[in-house]
């Protein structure tokens with residue numbers, strides 16, 4: 017009665033998750049709620065109370081059903097912080113690349129990592145630094161590494177349409193300055209995630225990252241299949257050769273790294289792709305020093321998805337003796353992905 021009396025104005029909104037609804041469909045749903053008996057005047061702008069009807073069609077937009085799985089109805093209490101994702105929109109961001117993380121997803125990752133003021137946050141596959149922006153939004157001091165020298169120095173090929181070359185000031189630091197987070201920017205350096213450069217000490221409060229899958233970006237690490245020694249007079253200017261770095265190895269190394277360099281109760285948040293037919297919750301990556309907190313699915317294509325995995329460090333990995341486990345399905349993901357794509361074509 018406090019919300020539907022004759023002196024209380026109201027409006028009803030219809031939204032959906034997993035499927036786009038037509039205007040006609042929304043009007044039909046509102047008409048079906050006539051039995052609720054609202055007595056007050058309808059007011060579309062600034063009513064006393066707003067009510068929301070939410071229809072849930074699942075998480076896979078490619079196979080959304082005709083009828084929703086669930087319908088929720090309730091009174092609007094407050095807006096969320098979705099507007100933050102517009103503030104850090106990729107369209108207006110100074111420095112982006114082909115694989116820059118969606119702003120909303122980057123904020124979700126930082127939120128899952130429980131990043132708070134003055135936390136030290138690392139992205140070991142930093143790319144163009146989208147996750148660092150989200151981590152800084154929550155108050156973290158951010159650091160990143162990546163093996164791609166050209167990208168970190170803003171010298172790679174631009175991803176924007178009709179842009180032939182990058183502007184001289186394009187960089188991760190420029191992004192942080194653009195959003196007012198420059199004071200929380202520690203640095204980014206060229207480094208190989210397979211060869212940690214840190215002293216063996218737990219000093220990161222959170223690690224958030226989107227490792228390369230080998231689909232739109234290469235998966236490489238420093239190494240060589242040949243045995244040779246670089247003469248001392250050539251060592252200074254030598255550029256190390258690289259070898260293939262499988263997805264399975266990438267995630268295994270990420271788990272092992274986190275078990276050593278994360279602070280106790282610190283969180284690791286990362287993405288892992290998988291074929292829908294291969295995925296089994298029993299085969300999720302695991303490590304004796306890390307506890308699985310959650311995993312969330314995002315559909316990529318009709319045959320594959322990726323999972324946002326959150327883990328928390330529960331004990332120290334003394335002498336880095338304990339190792340992580342990643343299913344073999346991750347080893348063959350790239351090969352199977354392109355085989356499937358050829359079949360579809």
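Numbering (my numbering), first residue to last: 17 to 361.
No residue lacks a Cβ here, since even glycine has one placed at the ideal position from N, Cα and C.
- Residue 83 has its alpha-carbon roughly 26 Å from the corresponding atom of residue 54.
- The C-beta distance from residue 167 to residue 143 rounds to 7 Å, short enough to meet the 8 Å contact threshold.
- Three or more beta-carbon pairs separated by less than 8 Å link the region 19 to 28 to the region 55 to 66, which places the two stretches in contact.
- Counting C-beta pairs with one atom in each stretch, the region 245 to 262 and the region 303 to 320 have fewer than three that are closer than 8 Å, which means they do not touch.
- Taking C-beta atoms as the reference points, residue 195 and residue 149 count as a pair closer than 8 Å.
- Here residue 229 has 263, 289, 349 and 350 as same chain residues with Cβ atoms under 7 Å from its own Cβ, once five neighbours each way along the sequence are excluded.
- Within the same chain, Cβ atoms closer than 8 Å to the Cβ of residue 211 are found at 237 and 238, the five residues on either side in sequence being excluded.
- Distances from the alpha-carbon of residue 126 to those of 345, 326 and 339 put 326 closest.
- In the three-state reduction of the DSSP assignment, residue 117 falls in the coil class, being assigned neither a helical nor a strand state.
- Setting aside the 5 residues that flank it on each side, residue 266 is surrounded in the same chain by 227, each with a C-beta closer than 6 Å to its C-beta; the list follows chain order.
- As the crow flies, the alpha-carbon of residue 190 is around 41 Å from that of residue 66.
- The beta carbons of residue 342 and residue 222 sit no closer together than 8 Å.
- Annotation for residue 268: the continuous alpha helix (DSSP H) segment containing it runs 263 to 277.
- Scanning the region 305 to 341 from its first residue to its last, the whole beta strand (DSSP E) runs of 3-plus residues come out as 306 to 315 and 320 to 329.
- The distance from the Cβ of residue 299 to that of residue 345 is about 7 Å, consistent with a contact at the 8 Å cut-off.
- Where residue 87 is concerned, the enclosing beta strand (DSSP E) starts and stops at 86 to 91.
- In this structure, the CA atom of residue 335 is about 19 Å from the CA atom of residue 328.
- Contact between residue 280 and residue 338 does not hold, since their C-beta atoms are separated by about 15 Å, which reaches or exceeds 8 Å.
- As computed with DSSP, residue 285 is found in a beta bridge with 224 and 326.
- Residue 49 carries a coil assignment under DSSP once its states are collapsed to helix, strand and coil.
- Between residue 69 and residue 45, the beta carbon gap of about 6 Å places them in contact (Cβ cut-off 8 Å).
- Beta-bridge annotation (DSSP): residue 258 is paired with 238.
- When DSSP states are grouped into helix, strand and coil, residue 280 belongs to the strand group.
- Three or more beta-carbon pairs separated by less than 8 Å link the region 155 to 165 to the region 197 to 215, which places the two stretches in contact.
- Between the C-alpha atoms of residue 274 and residue 284 there is a straight-line separation of about 7 Å.
- In this structure, 20 is the residue among 20, 41 and 71 with its C-alpha nearest to the C-alpha of residue 51.
- Within a 10 Å sphere around the beta-carbon of residue 219 sit fewer than 16 other beta-carbons, which makes this residue exposed.
- For residue 101, the enclosing alpha helix (DSSP H) begins and ends at 99 to 103.
- According to DSSP, residue 33 shares a beta bridge with 72.
- Nearest C-alpha to residue 49 among 18, 87 and 131: 87.
- By the Cβ neighbour-count rule, residue 235 is buried, with 16 or more other Cβ atoms within 10 Å of its own.
- Residue 104 is classed as buried because its beta carbon has at least 16 other beta carbons within 10 Å across all chains shown.
- DSSP, read as helix, strand or coil, puts residue 28 in strand.
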